[in-house]
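According to the working numbering, the sequence shown is numbered sequentially starting from -11.
Report on one structure; see the data block that follows.
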Amino acid sequence: MELAKVRNIGISAHIDSGKTTLSERILFYTGRIHKIEEVKGGGDGAKMDHMELEQERGITITSAATSVSWGGVLSNHIKEPYHVNLIDTPGHVDFTIEVERSLRVLDGAVLVLCAVGGVQSQSLTVDRQMRRYNVPRLAFINKMDRTGADADKVVKAMREKLNTDAVLVQMPIGAGETFAGMIDLVTMKKLEFQGDQGTDVIESEIPADLLEEAEAYRHAMLESMSMYNDEMMELLLSEEPVSEELIHKVIKDAVQNQGFTPVFVGTAFKNKGVQPLLDAVVRYLPSPEQREIKARKVDDETQRVLLKPDTEAPFVGMAFKIVEDPYGQLTFMRVYQGKIAKGEMYTNQRTGRKERFSRIVRMHSDEREEIDTAEAGDIVAIMGIDCASGETYAAERDYCTLESMFVPEPVIKVS
Ligand code: GDP
């Protein structure tokens, strides 16, 4: 697996903004679940318990980590397949070790906001946590079909309350009952979602009656973005056209360097906007190869060990979640450095005990795939090892530990 084509992402949201619905739609559009039944009545208040949903469909929506692929025939824009690991991020209000662990395994995230509720208390918390850990993020304004939906208002609230320079990169077409899709402000194409469950993304020219508004939105978008890029600023000042390529570059730079946050719109529930969001995840969020992580030395906690996503370096991984299931204990692990192979022994850095990784699996929503090896940047589950959440494993004894209690050890960006 090519590291540049891996994305480890989390979806974060205030409760009820649609995190579960969006995750489920992602599984659907990536071909991992084959049927979506509309929840009775739809919309607010018709919520089915997640466990009920899972049982009914025989899938795991809220698994600790689920692997999907995006691109190729599934996408209009991303030509080659990418491997996306969706990691469940607890939406805790407090800064707990569990939140810290889950943020550590992410390379990027999607912050879901409700088009009516906007920035809510938990949105503030998750945003602050992500910022603290330097997790690059995109925002998705969900529930555009609800009465009172207002994307501009949510963007304004993001700027004021999250202190984030939020920039709409799509213009919603209508809102509430009339919400019909969006204009992609980068390509200046109208996006509509047709076919069963909105699977076909139809791109067409902007109709005459929307052109003026779309141009105004695009201009506002470019003006905001040009604050972060001199080349774009010069093009705007001289009234020259700005290429799609340059816009993609500016967005990517901003996302990965804590500049502005690009904002997408849609309705997870009504199947609009999810595929363009997946394109954006692949385009703008970083791959594991762009990240290095600082760990501590086991025998001297003041000393740091820099972990690189290099498959030739000695293996280091962290168990970030333990799940009990009928077949035994599943230990979800992110491989930070080096690689692991089925049947080999690795050392628990806290206890010094060696354990055999006899089975390595990749978790999909509907099946588990047994694999022989996993490399730096990957997220897999190890079956049958006995450990606690937060433990670090390495090829060598006393190599390093990734657990840092409550002291955040920010991820370092490699330019
Ligand atoms: P979570 O708590 O963030 O995981 O939110 P859920 O995905 O469980 O969604 C909460 C409620 O909002 C459920 O009743 C969903 O059916 C509903 N919902 C999710 N997305 C949308 C949407 O795009 N539009 C509308 N109207 N309702 C939605």
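C-beta atoms are modelled at their ideal positions from N, C-alpha and C, and glycine is treated no differently.
**Q.** 8 Å Cβ cutoff met for LEU126 and PHE252
**A.** Along the sequence shown, read from residue 1 onward, the residue named residue 126 stands at position 138. Along the sequence shown, read from residue 1 onward, the residue named residue 252 stands at position 264. Contact flag set, yes.
**Q.** Classification of ASP32 by the beta-carbon crowding that lies within 10 angstroms, buried from 16 upward
**A.** The residue labelled residue 32 in the question sits at position 44 within the sequence shown. Because ASP32 sits at a pLDDT of 39, beneath the cut-off of 50, its placement in the model cannot be relied upon, and the point is left open.
(Q) Could you check if ILE14 belongs to the surroundings of the ligand GDP, using beta carbon to heavy atom distance under 7 Å? (A) One-based indexing of the sequence shown puts residue 14 at position 26. Not under cutoff, so the answer is no.
(Q) Alpha carbons only, please: which of THR187, ASN151, LEU198 and GLN182 is nearest the one belonging to LEU173? (A) On the sequence shown, residue 173 is found 185 positions in, with the first residue counted as 1. Among THR187, ASN151, LEU198 and GLN182, the Cα nearest to that of LEU173 is on LEU198.
(Q) Going by DSSP, what residue range makes up the beta strand (DSSP E) through ILE310? (A) The residue labelled residue 310 in the question sits at position 322 within the sequence shown. Where ILE310 is concerned, the enclosing beta strand (DSSP E) stretches over 304 to 313.
Q: Using 10 angstroms around the beta-carbon of THR135, count the other beta-carbons present and answer buried if the total reaches 16, otherwise exposed.
A: Reading the sequence shown from its first residue, position 147 is the one you call residue 135. THR135 is exposed by the Cβ-count criterion.
Q) Helix, strand or coil: how does DSSP classify LYS260 here? A) Here the question's residue 260 lines up with position 272 in the sequence shown. Strand, per DSSP.
Q) With DSSP run on the structure shown, which of helix, strand or coil describes LYS(-7)? A) For the purposes of this step, residue -7 is identified with residue 5 of the sequence shown, where counting begins at 1. Helix at LYS(-7).
Q. Comparing the CB of THR113 with every heavy atom of the ligand GDP, is any distance shorter than 7 Å?
A. In the sequence shown, counting from the first residue as 1, residue 113 sits at position 125. Checking the Cβ of THR113 against the ligand GDP gives no.
Q. When you compare only the Cα positions, how much space is there between GLY305 and MET321?
A. In the sequence shown, the residue the question calls residue 305 occupies position 317. In the sequence shown, the residue the question calls residue 321 occupies position 333. Approximately 6 Å, taken between the alpha carbons.
Q) DSSP beta-bridge partners for LEU318? A) Along the sequence shown, one-based indexing puts residue 318 at 330. LEU318 is bridged to VAL311 and MET371.
**Q.** DSSP three-state assignment for SER231, whether helix, strand or coil
**A.** Here residue 231 refers to the residue found at position 243 when the sequence shown is read from its first residue. SER231 falls in the coil class under three-state DSSP.
Q) Can you give the Cα-Cα distance for GLY254 and LYS342, rounded to whole angstroms? A) Sequence index remark: in the sequence shown, residue 254 carries index 266 (1-based). Sequence index remark: in the sequence shown, residue 342 carries index 354 (1-based). Rounded to the nearest angstrom, the two C-alpha atoms are 48 Å apart.
Q: Report buried or exposed for GLN337, applying the criterion of at least 16 other Cβ atoms within 10 angstroms of its Cβ.
A: The residue labelled residue 337 in the question sits at position 349 within the sequence shown. Per the 10 Å Cβ criterion, buried.
Q: Report back the beta-carbon spacing between ARG271 and HIS236 to the nearest angstrom; my notes put them in contact at under 8 Å.
A: Within the sequence shown, residue 271 is the residue found at index 283, counting from 1. Within the sequence shown, residue 236 is the residue found at index 248, counting from 1. Yes, ARG271 and HIS236 are in contact; Cβ-Cβ is about 6 Å, under 8 Å.
**Q.** Proximity winner among ALA154, ALA139 and GLU289, relative to GLY162 (alpha-carbon distances)
**A.** In the sequence shown, counting from the first residue as 1, residue 162 sits at position 174. It is ALA139 whose Cα lies nearest to the Cα of GLY162.
(Q) Taking 7 Å as the cut-off, is the C-beta of SER5 nearer than that to any heavy atom in the ligand GDP? (A) The residue given as residue 5 occupies position 17 in the sequence shown. Yes.
Q. Over what stretch of residues does the alpha helix (DSSP H) that includes LYS141 continue unbroken?
A. Here residue 141 is taken as the residue at index 153 of the sequence shown, counted from 1. That run of the alpha helix (DSSP H) goes 139 to 149.
Q.
Taking the straight line between their C-alpha atoms, what separation do you get for ARG(-5) and LEU265?
A. Counting from one through the sequence shown, the residue named residue -5 turns up at place 7. Counting from one through the sequence shown, the residue named residue 265 turns up at place 277. Distance between the alpha carbons of ARG(-5) and LEU265: 13 Å.
Q | Where the alpha helix (DSSP H) containing GLN167 begins and where it ends | A | The residue labelled residue 167 in the question sits at position 179 within the sequence shown. Correcting the residue identity first, residue 167 is Phe in this sequence and not Gln. From DSSP, PHE167 is part of no alpha helix (DSSP H); its letter is neither H nor E.
Q: Using three-state DSSP, classify ILE190 as helix, strand or coil.
A: The residue given as residue 190 occupies position 202 in the sequence shown. Looking at ILE190 - three-state DSSP - the assignment turns out to be strand.
Q) By DSSP, does HIS65 sit in helix, in strand, or in coil? A) As a position in the sequence shown, residue 65 is number 77, starting the count at 1. HIS65: coil per DSSP, three-state reduction.
Q) Which residues in the same chain have their Cβ closer than 7 Å to the Cβ of ALA301, if we skip the five residues on either side of it in sequence? A) As a position in the sequence shown, residue 301 is number 313, starting the count at 1. If we look at ALA301 and ignore the five residues flanking it on each side, its Cβ neighbours are GLN325 and GLY326.
Q. If you draw a straight line from the alpha carbon of ILE3 to that of GLU232, how long is it in whole angstroms?
A. Taking the sequence shown and counting its residues from 1, one reaches residue 3 at position 15. Taking the sequence shown and counting its residues from 1, one reaches residue 232 at position 244. In a straight line, the C-alpha of ILE3 is about 35 Å away from that of GLU232.
Q.
Helix, strand or coil for ALA242? Go by DSSP, reduced to three states.
A. As a position in the sequence shown, residue 242 is number 254, starting the count at 1. Here ALA242 sits in helix by DSSP.
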